[in-house]
Every structure is written in C-alpha cells, then in structure tokens.
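Note sheet for the following structure.
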Amino acid sequence: MAYLALYRKYRPQTFDKVVGQEHITRTLENQVINNKISHAYLFCGTRGTGKTSVAKIFARAINCEHPVNGSPCGQCNACKQLAQASNMDIMEIDAASNNRVDEIRELREKVKYPPVVGRYKVYIVDEVHMLTDSAFNALLKTLEEPPAHCVFILATTEVQKLPATILSRCMRFDFKLIEQNVLCDMLRRIFDDSGIKYEDDAISFIAKEGNGSARDTLSIADMCVSFGNGNVTYDGVLQVLGVNDDYKLCGLVQDIIDDNAGEYLSTIDKLVKDGKSLSMLARDMSTYFRNLMVVKNCKDYKDLIVVRKDIVDRLSEQANSLTNDNITDFLDEFGQVELNLKYSVRPQLLIETAGLKCMKLKKKD
Ligand SMILES: [Zn+2]
19 MAYLALYRKY
29 RPQTFDKVVG
39 QEHITRTLEN
49 QVINNKISHA
59 YLFCGTRGTG
69 KTSVAKIFAR
79 AINCEHPVNG
89 SPCGQCNACK
99 QLAQASNMDI
109 MEIDAASNNR
119 VDEIRELREK
129 VKYPPVVGRY
139 KVYIVDEVHM
149 LTDSAFNALL
159 KTLEEPPAHC
169 VFILATTEVQ
179 KLPATILSRC
189 MRFDFKLIEQ
199 NVLCDMLRRI
209 FDDSGIKYED
219 DAISFIAKEG
229 NGSARDTLSI
239 ADMCVSFGNG
249 NVTYDGVLQV
259 LGVNDDYKLC
269 GLVQDIIDDN
279 AGEYLSTIDK
289 LVKDGKSLSM
299 LARDMSTYFR
309 NLMVVKNCKD
319 YKDLIVVRKD
329 IVDRLSEQAN
339 SLTNDNITDF
349 LDEFGQVELN
359 LKYSVRPQLL
369 IETAGLKCMK
379 LKKKD
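Encoded structure:
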C-alpha cells in the first residue's frame, strides 16, 4: 500500500477532531445545530492552522441530512457524495492561480445553479487576498446578492490586504497559532494510532519546529518517521532537522560563562568539520539564550521552553550565574551573526568572534 502522508491521513473529518481552534469550531457547530447559516465567512490566519479543513467540514455539515453535534455524520447520502473530490457542490478555488476578473465572472454565472446533492453550494476561495482589484469587485457583486443556496468561505493568510467592502460582508473568524502542548498531544495521538514508537523529547522538539502549524508539524513528523523507520528518537529528529544537540549548545554557553576561549573555539571547529550549518548554529545559540532569559525571569519556565528534560537543571544554574544584561548582550551578538552570515565570506570567524566578544562583555559586567 502506498504511504499516505500523516497530514492527509489524519485530516480532521469532524469539528471535534480539529486541534486548537475551539473558539471557532464551537460557533460553527452551533450555527449548524440552530440552522443559522450566513452567506459569507472569512477565515484568517497563518498557514497550517486548519482554515481549509474547517471550511470543508462546515461545507459538509450544512449539507448533511443528520448532522451529529453540528458535524457531518459521514454516513448519509450527502456526506458520502460530498466526500468525493469530483462533487459539484463544494468548490475549492485557489485565488493565487485564478485571480483574474474573468474567472470570478465565470463563478458568478455558476452560482445561479442550485446544488446537486444537498441544500447548499459552497465556494471555498483560498488565498483570497491574491485576487486583482477588478476580480474583487466582481466577487463583491456576488456577495451583495448571494443566491439563497450559496455559501462563500474566503480564506486568507493576509487579511490586511482585503478591501473593507469585502470584510464588512463576511462573518470573520481568526485562526490562532496552535499551542505547543496541543501539537504534542496531537502527535502522541497520531503516533499511538499508527503504531509508531517515539521518545517524549522528540515529540516536543517536532512540535516546537512546527511553529504553531499542524501541517508543518506533521510534515516534519513524516520525515522523522521515515528517517527512523517507524521509531522517532530525539537524536533522529536533530539529524533530520540538522539542528544542534542541547548538550553541545550548553557546553558552548558554559565556555562563554567560564571565559574558556580555547574550548569554545575547538568545539566550533569540530562542529564545522562535522558539517553543521553555521546559520543553524547561530540560530540555535540565540534560541538557547532566549531560553536562559525565560528561565531566569519566569516562574513557570518549564512550560515556556523546549529543551531536553535532563538539561533543565544545567540551564537554571547557567541562568543564575548571568545577569539579564549579560543575556541580552549575548542575544545582540548572536543576532548580529545571524544577520551578517549571509554576506560573510568567512562565516566561521563570525561565530568565533561573537563567542569571544560575549566572554569580554561578561567579564566587564
Ligand atoms: Zn451526513
């Protein structure tokens, strides 16, 4: 059997399976239950937060013969027919590639015809901000007088680019970045369900790299599953992502604290010879300093940082031996390295001198 990407295999089919957007799914469920459907919705938010998944569930729910708690039942004739990609009642339009006025005019012609299967014809317009001005005007005409059987769901990652005339005609929902612990729970559930073995540290790391996006989290998970042949380990995740081990970073930071230039330089040299990316190293050092800042200043720091569990105590010792000024100085230095790496012909030197400058700044304090 062909391998199905986790993101496709676990695309939610009911509202209760959508992660991290309860403020939206509850409202939509209630609209289905109370049969109060609007004609135009606007879904805003970063990529991978569930806009299209929620739009598709809603489109099926309002056509379902016996919705269950506001979600499509998945069993009735309408649900079965609308689950097929070839159905004529749920139309997905990518505005990035169909942004011209002619295409929107064509859509306006089509909306007149009633749905084939259920009660509503649903148009899901992805990346709606990509439409041209004249296409927006054409769309607006349809939104002003929509046929009773028509529902528009406009989705966008850049809501600030939409004209006010469109905004004022839509019921707006803002999709949040998905919280780290919600992404972790999602990964555990999916790995357990697929019989994939995993280490807890690996799960947190994948979720962190997913940056609030379920889609990105699952594509990283997919790579790690393939890499580890069904066994997702922390080391495997580091290798797949090319990021640096917390132990190594902790050692480098300790060298800075101890003013141990010799050790610092030889570790950097070794990392470079091992083929580590210098921009990744600079980024990881900045993240490490950010973690120190959080540990130093926040009581509930354990919820706010993602590091190997066995390194948390070391991190807290290091945070105690530094002042906030030290840490912001270090962040400035390595932030500069991240910026300058692109233009440098000798990138290794940048990271080396940044470390030595940090040692000097720490001594001055
Ligand atoms: Zn149904």
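First residue of the sequence shown: 19, per my numbering; consecutive thereafter. C-beta atoms are modelled at their ideal positions from N, C-alpha and C, and glycine is treated no differently. Keep in mind it's a predicted model, so treat the numbers as computed, not measured.
Requested in this report: State the DSSP-derived secondary structure class of V325, mapped to helix, strand or coil.
Outcome: coil
Report task. Compute the minimum distance between the beta carbon of C94 and the heavy atoms of ligand 1, and state whether it is under 7 Å. Result -> yes
Query raised in the report: If we ignore side chains and look at the alpha-carbon of each, how far apart do M377 and L283 end up?
Result: 12 Å
Report task. Have a look at I184, Y25 and V243 and flag the residue whose alpha-carbon is nearest the alpha-carbon of Y59. Result -> I184
Requested in this report: Could you check if N117 is buried or exposed, using at least 16 other CB atoms within 10 Å of its CB as the buried criterion?
Outcome: buried
**Report entry** Span separating the alpha-carbon of S231 from that of F223
**Finding:** 14 Å
Report task. Enumerate, from N- to C-terminal direction, the unbroken alpha helix (DSSP H) stretches of 4 or more residues contained entirely within the region 81-112. Result -> 95-100
Query - Three CB pairs or more closer than 8 Å across the region 117-129 and the region 78-98 - result: no
**Report entry** L172 in three-state terms, based on DSSP
**Finding:** strand
Requested in this report: Compute every distance between the C-beta of H84 and the non-hydrogen atoms of ligand 1, then say whether any falls below 7 Å.
Outcome: yes
Requested in this report: Round the Cβ separation of P132 and S71 to the nearest angstrom and send it over; I've been treating them as touching at under 8 Å.
Outcome: At roughly 26 Å, the Cβ-Cβ gap does not stay under 8 Å, so P132 and S71 are not in contact.
Report task. May I have a chain-ordered list of the beta strand (DSSP E) segments no shorter than 3 residues that lie completely inside the region 37-64? Result -> 58-62
Query raised in the report: Contact check, L455 vs R78 under 8 Å by CB: the rounded distance?
Result: The requested residue 455 does not occur in the structure, where the chain is confined to residues 19 to 383.
Requested in this report: Look at the alpha carbon of D331 and the alpha carbon of C268, and state the distance between them as a whole number of angstroms.
Outcome: 11 Å
Report task. In the DSSP assignment, find the unbroken alpha helix (DSSP H) run with V200 in it and report its ends. Result -> Q198 to S212
Requested in this report: Sort out for me which residues DSSP pairs Y141 with in a bridge.
Outcome: M109 and F170
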